[in-house]
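In order, the protein sequence lines correspond to chains F and Y.
In terms of the working numbering, the first sequence opens at residue 1 and continues consecutively.
In terms of the working numbering, the second sequence opens at residue 158 and continues consecutively.
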Amino acid sequence: MVPRPPGGRYATGVNERHRVTERAAASYRALAELAESVEDEWQYVNDLVDAYLPSIRALAGDDDESSFAPDRIAAVDEAIAEIGLISDPHKAIDWLSTFPHVVALALRGDVDSPAGSAPAGGVSVGTRTGAGGVASEAGAPEPDDDSPFRLLLRDDR
Amino acid sequence: MRFQDAARDARAVVYAGIQADPLVARTAALLARATAAERLLARAVMNGERTDADVWHRIFPTLFGEGEGEGTGEDLRHHAELVLAASLEVANRGEAARSQYRGAVVEELTAQLLASRATSSAPVRRERRVLFDGVRAEIHPYDVTVESALRPEVYDCKWGARGINADVLNQLDDARTHAADEEIDVKVAIVVFDSRRSCELRLDRSTANREKTRLVALEALDELRV
Numbered sequence: 001m002v003p004r005p006p007g008g009r010y011a012t013g014v015n016e017r018h019r020v021t022e023r024a025a026a027s028y029r030a031l032a033e034l035a036e037s038v039e040d041e042w043q044y045v046n047d048l049v050d051a052y053l054p055s056i057r058a059l060a061g062d063d064d065e066s067s068f069a070p071d072r073i074a075a076v077d078e079a080i081a082e083i084g085l086i087s088d089p090h091k092a093i094d095w096l097s098t099f100p101h102v103v104a105l106a107l108r109g110d111v112d113s114p115a116g117s118a119p120a121g122g123v124s125v126g127t128r129t130g131a132g133g134v135a136s137e138a139g140a141p142e143p144d145d146d147s148p149f150r151l152l153l154r155d156d157r
Numbered sequence: 158m159r160f161q162d163a164a165r166d167a168r169a170v171v172y173a174g175i176q177a178d179p180l181v182a183r184t185a186a187l188l189a190r191a192t193a194a195e196r197l198l199a200r201a202v203m204n205g206e207r208t209d210a211d212v213w214h215r216i217f218p219t220l221f222g223e224g225e226g227e228g229t230g231e232d233l234r235h236h237a238e239l240v241l242a243a244s245l246e247v248a249n250r251g252e253a254a255r256s257q258y259r260g261a262v263v264e265e266l267t268a269q270l271l272a273s274r275a276t277s278s279a280p281v282r283r284e285r286r287v288l289f290d291g292v293r294a295e296i297h298p299y300d301v302t303v304e305s306a307l308r309p310e311v312y313d314c315k316w317g318a319r320g321i322n323a324d325v326l327n328q329l330d331d332a333r334t335h336a337a338d339e340e341i342d343v344k345v346a347i348v349v350f351d352s353r354r355s356c357e358l359r360l361d362r363s364t365a366n367r368e369k370t371r372l373v374a375l376e377a378l379d380e381l382r383v
């Protein structure tokens with residue numbers, strides 16, 4: 001016998017995670033269709049879509065409910081509204097490389113690596129590095145133990 | 158190998174006016190002290206359609222949220238507000254000028270980050286050509302140079318990954334190979350105010366020789382300090 005889910009709240013949370021990431025993915029797909037009209041960039045547009053679309057969908061897999069708090073879901077919907085205003089295909093290309101990272105930051109996720117692979121680090125709030133902090137050679141920021149945001153993401157919290 | 162100021166054509170004169178706008182230096186200074194998330198905010202706003210600050214507050218709860226555990230703190234939030242305000246100023250310059258301002262900001266940001274390790278014998282300069290004996294000079298200047306006699310550095314700067322193209326990569330690699338012919342080890346790099354992953358997707362399709370050209374993407378701009 002398959003045990004029942006622990007409660008409606010869990011099921012609602014899972015569904016909402018999938019709904020918001022699917023809305024983001026659908027908007028991203030629509031943005032790509034606009035960008036594809038720049039013939040010289042057709043390949044790059046499709047490379048971006050092939051890379052980022054699975055990563056956007058994979059954000060639903062984060063089981064930290066705080067990543068899908070109402071303000072974070074509202075942030076994704078606001079970002080979706082922003083790219084929905086774009087009518088210039090050249091601007092659409094700019095956003096194809098930006099939107100996934102904006103969504104990932106809002107949902108405290110990562111689209112820096114192929115979906116299903118180990119995270120590359122992503123964009124964290126971090127502390128300022130003006131005093132000499134340096135990102136790693138691979139492009140991922142150095143772990144920042146002082147950042148409350150990092151602390152939230154640690155397994156041992 | 159030697160560096161030389163680029164000749165100024167009409168386009169360069171117009172662009173120089175944008176480079177000299179105090180907004181460019183101010184925005185770059187804020188971004189030089191920014192977190193990666195603030196830099197992503199700046200990229201989004203300067204690419205954005207809407208110029209209402211509250212819209213961007215809602216899109217970036219990680220930077221502006223009030224909830225427990227947002228992790229921003231007052232000083233981080235204050236700095237994020239300054240980055241947002243400067244980015245909105247750039248966005249408000251209008252569609253025609255905006256792209257030139259964005260390019261100028263990335264160049265100035267690169268120069269400011271490099272300046273933190275500049276010395277009198279390795280000054281950071283802008284819009285410079287690199288000349289080699291017996292080699293026809295490139296028409297386009299390099300955006301930023303570190304003019305050390307021992308370890309010169311040459312940088313091209315782009316707002317987005319889409320700006321990466323064969324011409325840029327070939328010009329950088331040509332500088333490196335011509336310098337090597339003179340037994341000078343010049344570091345060449347492309348600085349892109351866009352995500353590493355987007356840049357790598359672009360580079361993966363390029364057939365230009367880029368094995369020794371370094372990529373400095375948005376997440377790792379602070380590497381320029383060392």
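The beta carbon of each residue, even a glycine, is placed where N, CA and C say it ideally should be.
The model shown is predicted, which means the values in this text are computed figures rather than measured ones.
Under a criterion of Cβ atoms nearer than 7 Å, no residue of chain F is adjacent to A199 of chain Y; the nearest Cβ is some 11 Å distant. The straight-line gap separating the alpha-carbon atoms of V263 of chain Y and V349 of chain Y is approximately 8 Å.
From the beta-carbon of E206 of chain Y, the residues of chain F found nearer than 7 Å are E82, L85 and I86. Taken through DSSP and simplified to helix, strand or coil, T184 of chain Y comes out as helix. Between V38 of chain F and I80 of chain F the beta-carbon gap is near 22 Å, outside 8 Å, which marks them as no contact. K369 of chain Y carries a coil assignment under DSSP once its states are collapsed to helix, strand and coil. For D94 of chain F, the three-state secondary structure derived from DSSP is helix. DSSP places V303 of chain Y within a strand segment (E or B) once states are collapsed to three. The continuous stretches of beta strand (DSSP E) do not include R250 of chain Y, and DSSP gives it neither H nor E. Annotated three-state conformation of A106 of chain F is helix, per DSSP. V38 of chain F sits in coil when the DSSP states are folded into three classes, being neither helix nor strand. Neighbours of S97 of chain F across chain Y, judged by C-beta separation under 7 Å: G317, A318, D351, S352 and S355. In the DSSP assignment, V202 of chain Y falls within the unbroken alpha helix (DSSP H) covering A193 to N204. Under a criterion of Cβ atoms nearer than 7 Å, the residues of chain F adjacent to R215 of chain Y are, in order, A74, A75 and E78. In this structure G230 of chain Y is exposed. Its beta-carbon is surrounded by fewer than 16 other beta-carbon atoms within 10 angstroms. Rounded to whole angstroms, the separation of the alpha carbons of A60 of chain F and S117 of chain F is 15 Å. For V171 of chain Y, the enclosing alpha helix (DSSP H) starts and ends at A167 to Q176.
Nearest Cα to E206 of chain Y within the set Y:L245, Y:A177 and Y:G222: Y:L245. Taking every protein chain shown into account, the CB of S55 of chain F has 16 or more other CB atoms within 10 angstroms, so this residue is buried. The beta-carbon of A253 of chain Y is placed no less than 8 Å from the nearest beta-carbon of chain F. Residue pairing from DSSP places V345 of chain Y in a beta bridge opposite Y:V311 and Y:T370. For G222 of chain Y, the neighbours in chain F by C-beta distance under 7 Å run, in chain order, D71. The beta carbon of D62 of chain F does not come within 8 Å of any beta carbon belonging to chain Y, so the residue lies off that interface. Per DSSP, the unbroken alpha helix (DSSP H) holding V212 of chain Y starts and ends at A210 to I216. Nearest neighbour of I216 of chain Y by Cα position, chosen from Y:H236, Y:E195 and Y:D232, turns out to be Y:E195.
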